[in-house]
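Presented below is the structure to which this report refers.
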Amino acid sequence: METSPLAKRLATRFVAGDTLDQALGAARRVGSEGIAITLDHLGESVASLEEAAEARDVYLNALSALHDAGIEGNVSLKLTQFGLDFSYDQCRANVEQLVRRAASLNGFVRVDMESSAYTQRTIDLVADLHARYGAVGVVIQACLYRSRNDIEELCRRAIRVRLCKGAYLEPASVAFPRKSDVDRSFVELMKLLLDRGAYPAIATHDENIIRQTEAYAAERGIPRAAFEFQMLYGIRRDLQRRLAAEGYRLRLYVPFGKAWYPYYMRRLAERPANVLFMARNLFRQ
Ligand SMILES: Cc1cc2nc3c(=O)[nH]c(=O)nc-3n(C[C@H](O)[C@H](O)[C@H](O)COP(=O)(O)OP(=O)(O)OC[C@H]3O[C@@H](n4cnc5c(N)ncnc54)[C@H](O)[C@@H]3O)c2cc1C
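The sequence shown maps to residues 512 to 796 in my numbering.
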């Protein structure tokens, strides 16, 4: 799929391009609308520590390029891409290099959250690096039962949290099986983060939850500069423009790179209409 020109055309809906330059172009375009970005170099579950080191180098470049281009941006990475499946220590050393660079450039590294098998290790690694350098934050998934405790602990340590619903299929032993429960959990955790979090990021395209976030912030007198909304590149651009126009801070997650297939499949799985959209376009070609 990743080498098929036809499939690649479809992926451009959610992916900024193959190269860092294309991603910077997308960053400039959305920047002109007052929207910030976080760059994600696609690729997860690398096959060796050598590949993990290559991924780290791409990220080091991306941070420097953002800084040199004067783009307000940060980067988002996955620990499996940095070698977590092979060695915790080597993965940590890779991320440490990046966080050190971010701290020196006044930048920021967001560690994405993968499936629940990685949750504790991800939080431990981020907490450890945060204590030394700052400049790093994590993602918490509203679908997991453990998330309230995790957020309370992260707030105590003033570690920045991005709250999302959760994109991985999880067993009922660790996560709410029903979407309505995930949504309810998201709203509760959003309130906790707005009350106690260090510059939290509310990452969703769910209009109802976004409205509840706006209302809660207004009710508690929380300034718009104290938190940000985050959305994925290419999803609900209407909503993105509205939030930016209304003076809310908004950051888009901008993926780039050749290894777009797993990312694209998660986006399709989130919304059956996307599969129809893809199929219609395939037949139109
Ligand atoms: C900035 C950002 C970072 C993220 N980081 C992580 C992470 O680190 N770990 C993780 O597990 N998950 C992450 N996610 C994904 C997240 O967990 C959800 O899977 C994803 O955001 C869809 O949920 P939703 O909150 O938009 O709500 P939903 O209830 O799924 O969707 C609400 C509405 O948004 C629109 N929408 C949502 N998804 C799509 C789509 N794919 N295509 C078209 N329209 C769509 C539709 O209008 C839908 O009705 C991230 C999401 C964002 C926005």
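Note that the Cβ used here is the ideal one computed from N, Cα and C, for glycine as well.
Cβ contact check for the segment 686-704 and the segment 630-646: 3 or more pairs under 8 Å: no
Beta-carbon gap between L655 and L674 smaller than 9 Å: Walking along the sequence shown from the start, residue 655 turns up at place 144. Walking along the sequence shown from the start, residue 674 turns up at place 163. No, these two residues do not count as a Cβ contact at 9 Å.
Touch test, the segment 735-743 against the segment 552-560, Cβ-Cβ under 8 Å, three pairs minimum: No, they do not touch.
Close beta carbons around A669, own chain, < 6 Å, minus the five adjacent residues each side: As a first step, residue 669 is located in the sequence shown; it is residue number 158 there, counting from the start. So the qualifying residues of the chain are A709.
Residue burial classification, L787 (beta-carbon count within 10 angstroms, cutoff 16): Locating residue 787 in the sequence shown gives position 276, counting from the first residue. Looking at its Cβ environment, which holds fewer than 16 other Cβ atoms inside 10 Å, L787 is exposed.
Per-residue DSSP class, three states only, for Q741: Locating residue 741 in the sequence shown gives position 230, where the first residue counts as 1. Note: Q741 maps to strand in three-state DSSP.
Short Cβ contact (9 Å threshold) for E663 with R707: Counting from one through the sequence shown, the residue named residue 663 turns up at place 152. Counting from one through the sequence shown, the residue named residue 707 turns up at place 196. Their beta carbons are under 9 Å apart, which means E663 touches R707 by this criterion.
9 Å Cβ cutoff met for G584 and A614: As a first step, residue 584 must be located in the sequence shown, where it is residue number 73. As a first step, residue 614 must be located in the sequence shown, where it is residue number 103. No, the Cβ-Cβ distance between G584 and A614 is not below 9 Å.
Alpha carbon of R722 to alpha carbon of M701, nearest angstrom: Your numbering for residue 722 matches position 211 in the sequence shown. Your numbering for residue 701 matches position 190 in the sequence shown. Approximately 12 Å, taken between the alpha carbons.
Continuous beta strand (DSSP E) stretch holding R762: start and end: What you label residue 762 is simply residue 251 of the sequence shown in a count that begins at 1. L761 to F767 is the extent of the beta strand (DSSP E) around R762.
Per-residue burial, P734 [other beta carbons within 10 Å of its own, 16 or more giving buried]: By one-based count along the sequence shown, residue 734 stands at place 223. That one is exposed.
L763 Cβ short of 8 Å to ligand 1 heavy atom set: For the purposes of this step, residue 763 is taken as residue 252 along the sequence shown, with counting starting at 1. Result yes, Cβ under 8 Å from ligand 1.
Contacting residues, own chain, Cβ-Cβ under 8 Å from R731 (five flanking each side not counted): Numbered from its first residue, the sequence shown carries residue 731 at position 220. For R731, where only same-chain residues beyond five positions count, the Cβ hits under 8 Å are L705 and D706.
Member of V610, V526 and L590 whose CA lies at the smallest distance from the CA of R777: Here residue 777 is taken as the residue at index 266 of the sequence shown, counted from 1. The candidate whose alpha carbon is nearest that of R777 is V526.
Unbroken stretches of the alpha helix (DSSP H), 4 residues or longer, contained in the segment 552-588: 560-579
Alpha-carbon to alpha-carbon, V541 and A604: The sequence position of residue 604 within the sequence shown is 93, counting from 1. The sequence position of residue 541 within the sequence shown is 30, counting from 1. Those two C-alpha atoms are separated by around 33 Å.
Residues near Y599 in its chain [Cβ-Cβ closer than 8 Å; skip 5 each side]: In the sequence shown, counting from the first residue as 1, residue 599 sits at position 88. Same-chain partners within the cutoff: R632 and L636.
Beta-carbon gap between D551 and Y774 smaller than 9 Å: Taking the sequence shown and counting its residues from 1, one reaches residue 551 at position 40. Taking the sequence shown and counting its residues from 1, one reaches residue 774 at position 263. Yes, these two residues count as a Cβ contact at 9 Å.
Which of helix, strand or coil DSSP assigns to A728: Walking along the sequence shown from the start, residue 728 turns up at place 217. DSSP places A728 in helix when its eight states are reduced to three.
Contact under 9 Å by Cβ, A770 with E555: The sequence position of residue 770 within the sequence shown is 259, counting from 1. The sequence position of residue 555 within the sequence shown is 44, counting from 1. In contact: A770 and E555 (Cβ atoms closer than 9 Å).
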